[in-house]
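**Q** My questions all concern the structure below.
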Amino acid sequence: MNVFLSDEQGHPADGESLRASAAAVLAAEGYPDETEVAVYLVDAIEMAGYNKRFMDREGPTDVLAFPTETLTPGEPPRPVPGEPPLNLGDVFLCPVEVARRAAEESVAYDDFIHLLLVHGMLHLLGYEHEDDTAATAMERREDELLEALGRPWP
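Just so you know, the sequence shown maps onto residues -3 to 150 in the numbering used here.
This is the structure in structure tokens:
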């Protein structure tokens, strides 16, 4: 797995732990080693810009995911010999916004940022929460992955 991580902001965040968690999600979902994702840690101003431009919402948010492929959950594509690695897309996290929300919800920042990373990764892999059935499946998979990462969600 190739997980590119860029920390473009100043709030403390354990980039290596996030990178390892992203790779673990890909492995747990059965994705081949020839898979790439990018995780960006950005400040509130940059995140607000993405949120407005792509979601038509004002202000920063904690996580945004931009898949490059249309995938079905639980059905990872197989690599084609001689082809470039499969690039699944980008996850953007705003640690300042994550910290604010973690404080509001009285949860540990480090656990919350990993929850949001897993959430964003699952969006890259085709999971959605547009209806109750899909949301339940996505939340169940988040819980399973967080448990496997040693970060069970309360």
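Heads up, the beta-carbon is just placed ideally off N, CA and C, and yes, glycines get one too. Every value quoted in this text rests on a predicted model; they were computed, and no experiment measured them.
#1: Which residue from ALA40, GLU124, VAL33 and GLY45 puts its Cα closest to that of LEU82?
#2: In terms of residue numbering, what span does the alpha helix (DSSP H) encompassing GLU101 cover?
#3: So who's on the other strand from ASP127, going by DSSP bridges?
#4: Verify the CB distance criterion: does GLY146 have a CB-CB separation below 8 angstroms to chain B?
#5: For a test of the three-state rule: what should DSSP assign to GLU32, helix, strand or coil?
#6: In its own chain, which residues sit with a C-beta less than 6 angstroms from the C-beta of GLU124, not counting the 5 before and 5 after it?
#7: Who are the near neighbours of LEU38 in its chain, counting only those whose CB is closer than 7 angstroms to its CB and skipping five residues on each side?
#8: State the start and end residues of the unbroken beta strand (DSSP E) segment that holds ALA76.
#9: Counting Cβ pairs closer than 8 angstroms, one from the segment 41 to 54 and one from the segment 11 to 30, do we hit at least three?
#10: Nearest CA to the CA of LEU22: which residue from ALA133, ARG74, PRO150 and ARG97?
#11: Whose CA, out of ALA133, LEU121 and GLU12, lies closest to the CA of ALA61?
#12: Among the candidates VAL35, GLU135, PRO28 and THR57, whose CA atom is the shortest distance from the CA of ILE41?
#13: Considering only their Cβ atoms, is the gap separating VAL59 from GLY116 smaller than 8 angstroms?
#14: Rounded to whole angstroms, what is the Cα-Cα separation between ARG137 and TYR46?
**A** According to the structure shown:
#1: VAL33
#2: Unbroken run through GLU101: none, as it is neither H nor E.
#3: Checking the DSSP bridge columns, you'll see ASP127 has no partner listed.
#4: Among the protein chains of the structure shown there is no chain B, as only one such chain exists.
#5: strand
#6: ALA130
#7: Residue identity check: residue 38 is Val in the sequence provided, not Leu. Same-chain partners within the cutoff: GLU4, GLN5, PHE88 and CYS90.
#8: It is worth fixing the name first, because residue 76 is Val in this sequence and not Ala. Where VAL76 is concerned, there is no enclosing beta strand (DSSP E), given that its DSSP letter is neither H nor E.
#9: Flag = no, the segment 41 to 54 and the segment 11 to 30 do not touch.
#10: ARG74
#11: LEU121
#12: THR57
#13: The criterion of a C-beta distance shorter than 8 angstroms is satisfied by GLY116 and VAL59.
#14: 26 angstroms
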